Amino acid sequence: MFGLGKKDLSLFLIVVGLALFAPFLLNPFPTGSSLAQFNAGYPDLMQRFVIFGIFAIGFNLLFGLTGYLSFGHAAFLGMGSYAAVWMFKLLSMNVIPAILLSMVVAGLFAVVIGYVSLRRSGIYFSILTLAFAQMSYNLAYSVLTPITNGETGLQITLNDPRIFGVSATADGGIPVTNLFGLEMRSATTLDIAGWSFSFSAGYYLCAIMMILAFYLAIRIFRSPFGLMLRAIKSNQHRLNYTGLNARPYTLAVFVISGMYAGLAGGLLASMDPLAGPERMQWTASGEVVLMTILGGAGTLIGPVLGAGFIKYFENIFSKINDGVLHSWFAFLPDGIENLVVGLIHPFVGKGWHLTLGLMFMLVVIFLPGGLVEGGQRIGRLMRRRKKPAQDPRKPSPNPAE
Amino acid sequence: MDAIILQILNGLDKGSAYALIALGLTLIFGTLGVVNFAHGALFMIGAFCAVTLSRLLTLSHQVLDESRKDFLGNPLKVDVPYVTEWFGETTGAAIIDWAVPLAILFSIPVMILIGVIMERGLIKHFYKRPHADQILVTFGLAIVLQEIIKYFYGANPIPTPAPEVFRGSFDFGVLLGFDPNAVIYPYWRLVYFGFAALIIGGVFAFLQFTTFGMVVRAGMADRETVGLLGINIDKRFTIMFGLAAAVAGLAGVMYAPINSPNYHMGMDFLVLSFVVVVVGGMGSLPGAVLAGFLLGILESFASMNQIKAILPGIDQIIIYLVAIIILLTRPRGLMGRKGVMED
Chain A
1 MFGLGKKDLS LFLIVVGLAL FAPFLLNPFP TGSSLAQFNA GYPDLMQRFV
51 IFGIFAIGFN LLFGLTGYLS FGHAAFLGMG SYAAVWMFKL LSMNVIPAIL
101 LSMVVAGLFA VVIGYVSLRR SGIYFSILTL AFAQMSYNLA YSVLTPITNG
151 ETGLQITLND PRIFGVSATA DGGIPVTNLF GLEMRSATTL DIAGWSFSFS
201 AGYYLCAIMM ILAFYLAIRI FRSPFGLMLR AIKSNQHRLN YTGLNARPYT
251 LAVFVISGMY AGLAGGLLAS MDPLAGPERM QWTASGEVVL MTILGGAGTL
301 IGPVLGAGFI KYFENIFSKI NDGVLHSWFA FLPDGIENLV VGLIHPFVGK
351 GWHLTLGLMF MLVVIFLPGG LVEGGQRIGR LMRRRKKPAQ DPRKPSPNPA
401 E
Chain B
1 MDAIILQILN GLDKGSAYAL IALGLTLIFG TLGVVNFAHG ALFMIGAFCA
51 VTLSRLLTLS HQVLDESRKD FLGNPLKVDV PYVTEWFGET TGAAIIDWAV
101 PLAILFSIPV MILIGVIMER GLIKHFYKRP HADQILVTFG LAIVLQEIIK
151 YFYGANPIPT PAPEVFRGSF DFGVLLGFDP NAVIYPYWRL VYFGFAALII
201 GGVFAFLQFT TFGMVVRAGM ADRETVGLLG INIDKRFTIM FGLAAAVAGL
251 AGVMYAPINS PNYHMGMDFL VLSFVVVVVG GMGSLPGAVL AGFLLGILES
301 FASMNQIKAI LPGIDQIIIY LVAIIILLTR PRGLMGRKGV MED
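Chains A and B supply the protein sequences, listed in that same order. Reminder that position 64 of the first sequence reads as 64 in full-length UniProt numbering, one-by-one numbering, no gaps. Reminder that position 229 of the second sequence reads as 229 in full-length UniProt numbering, one-by-one numbering, no gaps.
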């Protein structure tokens, strides 16, 4: 079905299921319970999950398949956001033209940047992409202020022309982004017993985009084109000796991956119509590298997992403060309680970056394949325990790849 | 003319910082073949060595001062640093004033220790892994180091002044026969440049004129052969890693008065110093120094108003632009060795 193999199809259906039922799955704790703060099922965060999932899937197409480590991918995300916001300012608040333009703009820039950067490989490629991204960031901050509105960031205002839309709503407010009238921030809430699930139009738009992006990624992974990209990763010299030019393939995947980033940027702007230069900074590029590696570079599901993981940590872990910790460990004697809270304190709340950095290091050191490899190892361990007769030397097929 | 000299001078202090960090990066890359993304964090830790020492020196306790009364007539409580108590009023005050230069002595052992621990504990296990893995693990380490510093010192920049003597500015133009106040240059930046030149000279002399340096150079050229000759090259390379960390740390210590240290200053410098290393040529020590000063001076020239009038925004992108051009036209960078990371 869908031109996918059996294994890919089941993986794809799992992702579709996860994406569509996320409002349920991410809200496992009843509202008002002490664990409710671990619920991630609110639209704003779920949108981030899938948008950064798209970004990481695109990055993984480049890094996972060809091994070219781009340290400037956030530039495309930023450009996509700017393009989308300009569409909202000039055309209308409909998200379709905005998303299309953001992909086109990011794609065009990716052609130029990729054409230059892909002349080199290895660390030089990383530095070149980094240099281009930092140039875009610095320019967006300073000289390009008429286009980017500098440090404040680009926002929509009441004075924008919006040729096909309205400059202001009837009651004088700024119009909101919509899909042919369906407002992106509209949400319906469903209350069942103690749980409250909210379904937002914006989230479902992003989720459908993510499913499409994921489907395309599977097809690229399994296509002859994808095979060629893997050949580039394993040995580019040998490829050249057989008379094949790797450049068109790498450029093509660089542009595709740039357009994924542009799509993510466009969606970010569609959910919240503003764009700032900090989205292009190299730390933002570093973040997508973290997501992809943490999840598992070169695997299909890895980047999505990594993106979800990091965004979950960023939003949930950072909310745990000392008061919450004290309430958890209240059952301990006072002295031990304070000790435990004191020990955990540096790693949560504002210090969640420390946990992230440590975890990232541990993954790079012990699990170069990321969370996916960890899952596979656990899976293999379980299987071996069940069927001890199986030859341990024969590696089990990778379920996620 | 005076404007040009001023820009060259302005470029020198930034260039010195770039050159020092790039020198350390190249030492690590040339000896161990590791791309160290945590080097910016070492620079930052160096700057916080200065902060720590100046805090240690101003540790004080409260004493009742009988000669001064508050409005109720009670004796006033005054903070007295232990240092002034031990060494007397003037010597103590001078020690506190000279905290940053004293931090040089304090930071060298600290940085060497950190460097050696880093190499033995982590980087050692990454020699055989691909460069991408090295970049990633050191990037993670940089985040961790940065967050640890943030945890202890907070997120705000901490002003760390230079000694009183160096706080003024030096009228450089008068020496060259320009009008007074045409070319003014802060003393501390002059000190920074001199210090950087001293360190760079020291490192080169160490590598060139000592037996240890000779062995290290031989190891950089052909590690395996040196190992076969029965020399424990790993141990020497570990020491070189410590040395590189100390160079980065010293660059940070002396930079503290120029820019108040904050926890992400290392990351800001790291990107630029990587560009510097690549422009100079991976693995080439003179290349790193040359490219550091070159890019520093180019950057300050690009920020002249006359040039910005012609090419707006050029000051923001000049370094990256130069890097892109050099990388595309000279695959090995300015002074890269043949065969070292050429593709």
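Where a beta carbon is used, it is the ideal one built from N, C-alpha and C, also for glycine. Bear in mind the structure is a predicted one, so any value in this text is a computation, not a measurement.
Problem - Distance between F269 of chain B and residue 346 of chain B (C-alpha atoms, nearest Å) - result: Nothing about residue 346 of chain B can be reported from this structure: the residues present for chain B run from 1 to 343 only.
Practice task
Give, in chain order, every residue of the stretch 71-92 of chain A whose Cβ lies closer than 8 angstroms to some Cβ of chain B.
Solution key: Within the stretch 71-92 of chain A, not one residue has a Cβ closer than 8 angstroms to any Cβ of chain B.
Practice task
Have a look at A:S327, A:A75 and A:G41 and flag the residue whose alpha-carbon is nearest the alpha-carbon of E287 of chain A.
Solution key: Closest option to E287 of chain A, Cα to Cα, is A:A75.
Problem - Under 8 angstroms between C-beta atoms of F52 of chain A and M291 of chain A - result: With contacts defined as CB atoms closer than 8 angstroms, F52 of chain A and M291 of chain A qualify as a contacting pair.
Problem - Which residues DSSP lists as bridging N178 of chain A, in chain order - result: As computed with DSSP, N178 of chain A is found in a beta bridge with A:N94 and A:E183.
Problem - Contact list for the stretch 301-319 of chain B against chain A, Cβ threshold 7 angstroms - result: Residues passing the 7 angstroms Cβ filter: P312, G313, Q316 and I317.
Handout entry: Buried/exposed call for Q281 of chain A, threshold 16 Cβ in 10 Å
Key = Counting of Cβ neighbours within 10 angstroms places Q281 of chain A among the buried residues, the total reaching 16 or more.
Exercise for the section: Apply the 10 Å Cβ neighbour rule to E373 of chain A and answer buried if 16 or more other Cβ atoms are within range, or exposed otherwise. Expected result: Looking at its Cβ environment, which holds 16 or more other Cβ atoms inside 10 Å, E373 of chain A is buried.
Exercise for the section: Identify which residue in A:L25, A:D334 and A:M259 has its Cα closest to the Cα of N60 of chain A. Expected result: Here the closest residue by C-alpha is A:M259.
Problem - M1 of chain B versus P180 of chain B: straight-line alpha-carbon distance, rounded - result: M1 of chain B and P180 of chain B have their C-alpha atoms spaced approximately 14 angstroms apart.
Practice task
Indicate the three-state DSSP secondary structure (helix, strand or coil) for R238 of chain A in the structure shown.
Solution key: Residue state for R238 of chain A is assigned as helix, using DSSP reduced to three classes.
Exercise for the section: Can you tell me which of the three DSSP states A400 of chain A falls into? Expected result: Confidence at A400 of chain A is low in this model, with a pLDDT of 49, below 50, so its placement is unreliable and the value that follows should be read with caution. In the structure shown, A400 of chain A sits in coil (DSSP, three-state: anything other than H, G, I, E or B).
Handout entry: CB contact below 8 angstroms: M271 of chain A versus chain B
Key = When Cβ-Cβ separations below 8 angstroms define contact, M271 of chain A makes no contact with chain B.
Exercise for the section: Check the C-beta distance from Q85 of chain A over to I174 of chain A and give it rounded, since I have them as a contact under 8 angstroms. Expected result: Correcting the residue type first, residue 85 of chain A is Val in the shown sequence and not Gln. Not quite, the Cβ-Cβ distance comes to about 12 angstroms (not below 8 angstroms), so this is no contact.
Practice task
Given a cut-off of 8 angstroms, decide if A106 of chain A and M79 of chain A are closer than it, judged by their beta-carbon atoms.
Solution key: Contact: yes.
Problem - R247 of chain A to F166 of chain B span [Cα, whole Å] - result: Taking the straight line from one Cα to the other gives about 55 angstroms.
Handout entry: DSSP three-state assignment for T52 of chain B, whether helix, strand or coil
Key = In the structure shown, T52 of chain B falls within a helical segment according to DSSP collapsed to helix, strand and coil.
Practice task
Could you check if H353 of chain A is buried or exposed, using at least 16 other CB atoms within 10 Å of its CB as the buried criterion?
Solution key: Counting other Cβ atoms within 10 Å of its Cβ, H353 of chain A reaches 16 or more and is therefore classed as buried.
Exercise for the section: Would you mind giving the Cβ-Cβ distance between V363 of chain A and D133 of chain B, rounded to the nearest angstrom? I have them listed as a contact below 8 angstroms. Expected result: Not confirmed; about 11 angstroms, so no contact.
Practice task
Please list the partners that H353 of chain A has in chain B, where partner means a Cβ-to-Cβ separation under 7 angstroms.
Solution key: Chain B residues near H353 of chain A: I143 and E147.
Practice task
Measure the C-alpha to C-alpha separation of K394 of chain A and A252 of chain A and round it to an integer number of angstroms.
Solution key: Note that K394 of chain A has pLDDT 49, beneath the 50 cutoff, so the model's placement of it is unreliable and the number below is only indicative. Those two C-alpha atoms are separated by around 36 angstroms.
Exercise for the section: Answer yes or no: do residue 386 of chain B and R223 of chain B have a C-beta to C-beta separation smaller than 8 angstroms? Expected result: Nothing in the structure corresponds to residue 386 of chain B, since chain B is present only between 1 and 343.
Problem - chain B within 8 angstroms of S186 of chain A, Cβ atoms only - result: Not an interface residue.
Problem - Completely contained alpha helix (DSSP H) runs for the stretch 307-370 of chain A, where each covers 4 or more residues - result: You should have 322-328, 334-344 and 352-366.
Handout entry: Within-8 angstroms CB hit, L130 of chain A to chain B
Key = Chain B contact via Cβ: present.
Handout entry: Range covered by the alpha helix (DSSP H) that runs through K77 of chain B
Key = No alpha helix (DSSP H) contains K77 of chain B, which is instead part of the beta strand (DSSP E) from P75 to P81.
Handout entry: Nearest candidate by alpha-carbon position, reference G168 of chain B, set B:R189, B:K150 and B:Y153
Key = Shortest Cα-Cα distance from G168 of chain B to any of B:R189, B:K150 and B:Y153 involves B:R189.
Practice task
Please decide whether A256 of chain B counts as near chain A, where near means a Cβ-Cβ distance under 8 angstroms.
Solution key: By this cut-off, A256 of chain B is not an interface position.
Practice task
Name, please, each residue of chain B whose Cβ falls closer than 9 angstroms to the Cβ of P346 of chain A.
Solution key: Scanning chain B for C-beta atoms nearer than 9 angstroms to the C-beta of P346 of chain A yields E147, I148 and Y151, reported in chain order.
Practice task
Compare the C-beta of L327 of chain B against all C-beta atoms of chain A and say whether one is closer than 8 angstroms.
Solution key: At least one chain A Cβ lies under 8 angstroms of L327 of chain B.
Problem - N- and C-terminal bounds of the alpha helix (DSSP H) containing E287 of chain A - result: Note, E287 of chain A: alpha helix (DSSP H), W282 to G295.
Handout entry: Top-ranked residue by Cα proximity to Q376 of chain A, from A:K319, A:I163, A:A83 and A:G296
Key = By alpha-carbon distance to Q376 of chain A, the top candidate from A:K319, A:I163, A:A83 and A:G296 is A:G296.
Problem - Distance between F139 of chain B and L13 of chain A (C-alpha atoms, nearest Å) - result: If I take the Cα positions, the gap works out to 35 angstroms.
Practice task
Select from A:F164, A:V112 and A:L77 the residue whose C-alpha is nearest the C-alpha of L91 of chain A.
Solution key: Looking at the Cα atoms, A:F164 is the closest of the given residues.
Practice task
Using a Cβ-Cβ cut-off of 8 angstroms, state whether F55 of chain A counts as contacting chain B.
Solution key: No, no contact with chain B.
Practice task
Starting from the C-beta of A99 of chain B, find all residues in its chain whose C-beta is less than 6 angstroms away, skip the five residues before and the five after it, and write them out in chain order.
Solution key: Same-chain partners within the cutoff: L53, S54 and L57.
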